[in-house]
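To start, the structure under review is shown below, and the notes come after it.
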Amino acid sequence: MRPADHTDEEIIEAGKRLQDQDRKVTGYGLRNELGGGDQKRLLAVWKNFTAQDVVESIPETELPAELEESLNSASQTLLNHLRSMAVRIHQAATKVAERQVAEITRQFKELEEQTNAELRDAAIIIEKRESEIADLKYSLAITEEKLDSARRDAEQHEKEAFQLQTKLDEMKGVESLITRIEALEEKATKGKTGL
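Going by numbering that gives the first Met the number 0, the final residue of the sequence shown carries number 194, and the count climbs one at a time with no gaps.
The following block contains the structure:
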């Protein structure tokens, strides 16, 4: 986009010169006065300037007393109506908020009651499990005691069995000795008889 050939101030001055010459300000007239430029932009700048001038030049006038009184009365009525609407809106919003708070409170109480019930149930289950654990520990202790006793008995029986085996082995040796003695005695008896 090409930069503007003329500033807004130059365009406004050119428009004022055209007015001083009692000529209507147009885009082409401004272009001729300035010696170039885009007539659409030139006219847009001029219209913007004159619109501001019109707004600034409107004088402030006072209203007639009857109109001022009617305006004040209408303003008061409107204000009262707005205040009434604001109060109704506030009341409605308050009721909605109170309902929401009541619903949230109700849900919280339900959740709290449910949580407490679950905690009580959990406490009962934990108590049962602890009792079962205590019973199991007691049973385990008795079983370990019986196992120790059985081990001691087994060791005692093993010793006794070893002792009995030793005696049995000794008795077998004595039997063998008796058999040999009897055989010798028999030989000796035969030998005496043969003489």
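For every residue, glycine included, the Cβ atom is placed at its ideal position computed from N, Cα and C. Quick caveat: nothing in here was measured; it's all calculated off a predicted structure.
Taking the beta carbon of residue i as the centre, do at least 16 other beta carbons fall within 10 Å, making it buried, or is it exposed?
i: Leu78; result: exposed
i: Val100; result: exposed
i: His156; result: exposed
i: Ile198; result: Residue 198 lies beyond the residue range present for the chain, which begins at 0 and ends at 194; the question has no answer from this structure.
i: Gly190; result: exposed
i: Val44; result: buried
i: Met0; result: Low per-residue confidence applies at Met0: pLDDT is 44, beneath 50, and the placement is therefore not dependable enough to give any value.
What span of residues does the alpha helix (DSSP H) with residue i cover, start to end?
i: Lys15; result: Asp7 to Asp19
i: Arg22; result: Neither: Arg22 is in no alpha helix (DSSP H) and is coded neither H nor E.
Taking 8 Å as the line, does the beta carbon of residue i fall inside it for any heavy atom of the ligand SAH?
i: Leu77; result: Annotation note on the ligand SAH: not contained in the displayed structure, which lists no ligands.
Whose CA, out of the options, lies closest to the CA of residue i?
i: Thr6; options: Ala64, Thr93, Tyr27 and Gly36; result: Gly36
i: Leu41; options: Gln51, Thr25 and Ala50; result: Thr25
i: Lys23; options: Lys46, Asp4 and Ala140; result: Lys46
i: Lys39; options: Tyr27, Phe48 and Thr49; result: Tyr27
Touch test, the segment 29-36 against the segment 2-16, Cβ-Cβ under 8 Å, three pairs minimum: yes
4-residue-minimum alpha helix (DSSP H) runs that sit fully inside the segment 31-82, ordered along the chain: 38-56
Complete alpha helix (DSSP H) runs within the segment 72-150 (minimum length 4 residues, chain order): none
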